[in-house]
Amino acid sequence: MQYQFKFNKILHIKEREKDQAFDVYSQAVKRFEEAAGKLYELLKKKEDLEAYQQSRLTMGLPVQEIRHHQHFVDSLEKTIDHYQKMVANARSQMNFQQEKLLEKNIEVKKYEKMKEKDLASFMESIKQTEGRQMDDISIQHFMNRGN
Numbered sequence: 294m295q296y297q298f299k300f301n302k303i304l305h306i307k308e309r310e311k312d313q314a315f316d317v318y319s320q321a322v323k324r325f326e327e328a329a330g331k332l333y334e335l336l337k338k339k340e341d342l343e344a345y346q347q348s349r350l351t352m353g354l355p356v357q358e359i360r361h362h363q364h365f366v367d368s369l370e371k372t373i374d375h376y377q378k379m380v381a382n383a384r385s386q387m388n389f390q391q392e393k394l395l396e397k398n399i400e401v402k403k404y405e406k407m408k409e410k411d412l413a414s415f416m417e418s419i420k421q422t423e424g425r426q427m428d429d430i431s432i433q434h435f436m437n438r439g440n
């Protein structure tokens, strides 16, 4: 008698769904890391530019160059704001995908636990059947020996 889990197909489907959810989550993490990396680069660039401008101010700068730097900093701040929104969106998407992955993981664990219990029950019933068969064989052997 061979063991066959009655929800085996469902378990395979749930495992596939979990794998797909993991792939989507991995992509969301990658997008978040890319956006966060770009934001970091922009913030670092702004910080360096402001430090450069501050050092140049101590030596004296023409007004035109100050305006040029200020215009560039304003443009950089707009870009930073855009990337901050992108990072926030990517983070929320990543957290959402993480929750979905967690749900799929829990579903798979439930089916695996059911399979484990079902297998244990199957093994116990086989053990009982074998015990009964051994008893029957012993009784027949005893009866045949008595004749």
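Here the numbering used here is used: the first residue of the sequence shown is 294, the next is one more, and so on.
Note that the Cβ used here is the ideal one computed from N, Cα and C, for glycine as well.
Bear in mind that the values here come from a model prediction, so they are computed numbers and not experimental data.
request  = In the DSSP assignment, find the unbroken alpha helix (DSSP H) run with Tyr333 in it and report its ends.
outcome  = Within the sequence shown, residue 333 is the residue found at index 40, counting from 1. Here the alpha helix (DSSP H) through Tyr333 covers Asn301 to Met352.
request  = Measure the alpha-carbon distance for Ser319 versus Arg425 and round it to whole angstroms.
outcome  = Position 26 of the sequence shown, counting from 1, holds the residue named residue 319. Position 132 of the sequence shown, counting from 1, holds the residue named residue 425. Those two C-alpha atoms are separated by around 53 Å.
message = I believe Lys311 touches Lys378 by the beta-carbon criterion, under 8 Å. Please report the beta-carbon distance rounded to the nearest angstrom.
response = Position 18 of the sequence shown, counted from the first residue, corresponds to residue 311. Position 85 of the sequence shown, counted from the first residue, corresponds to residue 378. So it is not a contact: roughly 31 Å between Cβ atoms.
query = With burial defined as no fewer than 16 other Cβ atoms inside 10 Å of the residue's Cβ, what is the status of Met442: buried or exposed?
reply = Residue numbering for the chain in the displayed model covers 294 to 440; residue 442 lies beyond these limits and cannot be assessed.
ask   = Is the CB-CB distance between Tyr404 and Leu304 below 9 Å?
value = Looking up residue 404 in the sequence shown gives position 111. Looking up residue 304 in the sequence shown gives position 11. Yes, the Cβ-Cβ distance between Tyr404 and Leu304 is below 9 Å.
query = Secondary structure at Tyr404, three-state DSSP: helix, strand or coil?
reply = The residue given as residue 404 occupies position 111 in the sequence shown. Helix at Tyr404.
Contacts around Val317, its chain only, beta-carbon distance under 7 Å, and the 5 residues preceding and following it disregarded = Locating residue 317 in the sequence shown gives position 24, where the first residue counts as 1. Within the same chain, and ignoring the five residues on either side of Val317 in sequence, the residues whose Cβ sits closer than 7 Å to its Cβ are Gln390.
query = If Arg384 sits next to Phe325, beta carbons under 8 Å apart, how far is it from one beta carbon to the other, in whole angstroms?
reply = One-based indexing of the sequence shown puts residue 384 at position 91. One-based indexing of the sequence shown puts residue 325 at position 32. Yes, they are in contact, since the Cβ atoms of Arg384 and Phe325 sit about 6 Å apart, within 8 Å.
query = How is Met294 classed by DSSP in three states: helix, strand or coil?
reply = Indexing the sequence shown from 1 puts residue 294 at position 1. In the structure shown, Met294 sits in coil (DSSP, three-state: anything other than H, G, I, E or B).
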